[in-house]
Ligand SMILES: [Fe+2]
Ligand SMILES: [Fe+2]
């Protein structure tokens, strides 16, 4: 019986490692599917601070997934693909809800059901693994537990008073059918009359993004100081006071909220993308959320009432009419690649003020943006492949720029000003706030 010495005895010999690898693999799939789906909340919730927080959690989740995969690959049975199994994917896609669902209810589903189950899964891992033999995994999991507990604390203020019991039960049932993310709890098979909402009403992106209580408009850039906050020629006019430029660039930075909202739509639309693409896209997303916070936090310090700053919806409204690889092409190859010369000039002017904080924020913004363009060069071809686009990149980008102009004619400039010009922040008001004249 010499032939029986093949794989079976080896599998038995390595059973302890293989069992822990199986759990690490599940945890990796859960984290990567979490960030692919939780990002649909970014443009659906209205509160900027909540958008920022979700971007941060998605980024931390990408970190968890990355280190789980790195550790997993040290163990032979982890597998070489990034694929998520259907049983896990189905629950996360269910949690996304429909395009018209109440976004806070959907947030509660993620944070009251799916996230606590992730925390429980990590705790289970720690309990069943050998602390000395599997120390490398243990170290990671301990850190992730602390992160997950913090995420739940950080989200709590936004979910106070949100009534989502029925929805949470619906998701709990889907999860109980698996016996938790690791299948380590008693399985409660789904009732025969359980209806997966995703089969009834598949998710579609909302036509516009949510900015909650804040006033909105089409665009914040313009030529008229009585109408628009960022007066384009002022940015490069050497006669413009540097304090005015500083205020205008903070408005510009805060409005990277646009980038957050439309970039976040790309994840759910690319279910088969390699994890590394989603990892870098999540980093991109989190960077933009910090850039937006630069403005959101600094403007009030300079006397600006944020309720007078209209938020622009233009880019989301236009880009959402185009598929994700075209949105990504416009973002990285047009908007970001094209912003460097003006921003460089702005940075030089702001430096006249000896405002170390402003200089720091702008320098990090620039550094991040350089990375985003690099991401674009690396990932645009992969994004195109995800959509079966076979034209050369350059030709595709050119055609997409033309298409954007056409789509803008139909879907652009559709958001009227929430505020009359007397009430909203404009170039003229910025002059006053800056103490010029
Ligand atoms: Fe940015
Ligand atoms: Fe960027």
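Numbering (our numbering), first residue to last: 6 to 442.
Don't be surprised by glycine CBs; every beta carbon is placed ideally from N, CA and C.
Note that the coordinates shown come from a computational prediction; the quantities given were computed from them, not determined experimentally.
| request: Please confirm whether any heavy atom of ligand 1 lies closer than 7 Å to the CB of residue 368. | output: no
| Local conformation of residue 316 per DSSP, three classes | strand
| request: Output yes or no for whether 8 Å exceeds the beta carbon distance between residue 337 and residue 378. | output: yes
| query | Count the other CB atoms within 10 Å of the CB of residue 330; is the residue buried (16 or more) or exposed (fewer)? | reply | buried
| request: Tell me whether residue 355 is buried or exposed, calling it buried when 16 or more other Cβ atoms sit within 10 Å of its Cβ. | output: buried
| From 107, 150, 140 and 114, pick the residue whose C-alpha is nearest to that of residue 125; which is it? | 150
| field | Enclosing alpha helix (DSSP H) for residue 214 [first to last residue] | value | Unbroken run through residue 214: none, as it is neither H nor E.
| task | Return the CA-CA distance between residue 164 and residue 137, expressed in angstroms with no decimal places. | result | 39 Å
| Endpoints, the alpha helix (DSSP H) within which residue 48 is located | Element bounds for residue 48: n/a, residue is neither H nor E.
| Best match in 418, 305, 98 and 274 for proximity to residue 35 [C-alpha to C-alpha] | 98
| field | contact_flag[the segment 369-383, the segment 301-318] where n(CB pairs < 8 Å) is 3 or more | value | no
| field | Beta-carbon separation (whole angstroms), residue 45 vs residue 273, contact threshold 8 Å | value | 5 Å
| Does DSSP classify residue 273 as helix, strand or coil? | coil
| task | Measuring alpha carbon to alpha carbon, tell me which of 176, 92, 315 and 279 ends up nearest residue 391. | result | 279
| Hey, out of 133, 42 and 19, whose CA is closest to residue 83's CA? | 19
| task | Using the Cα positions of residue 81 and residue 24, report the straight-line distance between them to the nearest angstrom. | result | 11 Å
| query | Beta carbon of residue 288, beta carbon of residue 64: below 8 Å? | reply | Contact: yes.
| message | Using a Cβ distance threshold of 8 Å, determine whether the segment 195-205 contacts the segment 216-229, with at least three qualifying pairs required. | response | no
| said: Our contact map puts residue 321 next to residue 267 with C-beta atoms below 8 Å; I'd like the distance itself, whole angstroms only. | reply: 5 Å
| For residue 226, the three-state DSSP class (helix, strand or coil) | strand
| field | For residue 342 and residue 431, the rounded distance between their alpha carbons | value | Residue 431 and residue 342: Cα-Cα distance of roughly 27 Å.
| request: Run the CB neighbour count on residue 310, radius 10 Å, all protein chains shown included, and call it buried at 16 or more, exposed below. | output: exposed
| said: Closer than 7 Å to a non-hydrogen atom of ligand 1 - does that hold for the CB of residue 99? | reply: Result no, Cβ not under 7 Å from ligand 1.
| query | Using DSSP with H/G/I as helix, E/B as strand and the rest coil, what is residue 398? | reply | helix
| message | I'd like to confirm something about residue 293: is its beta-carbon nearer than 7 Å to some heavy atom of ligand 1, or not? | response | yes
| said: Could you compute how far the alpha carbon of residue 175 sits from the alpha carbon of residue 205? | reply: 14 Å
| query | For residue 283 versus residue 37, is the C-beta spacing smaller than 8 Å? | reply | A contact, by the Cβ cut-off of 8 Å.
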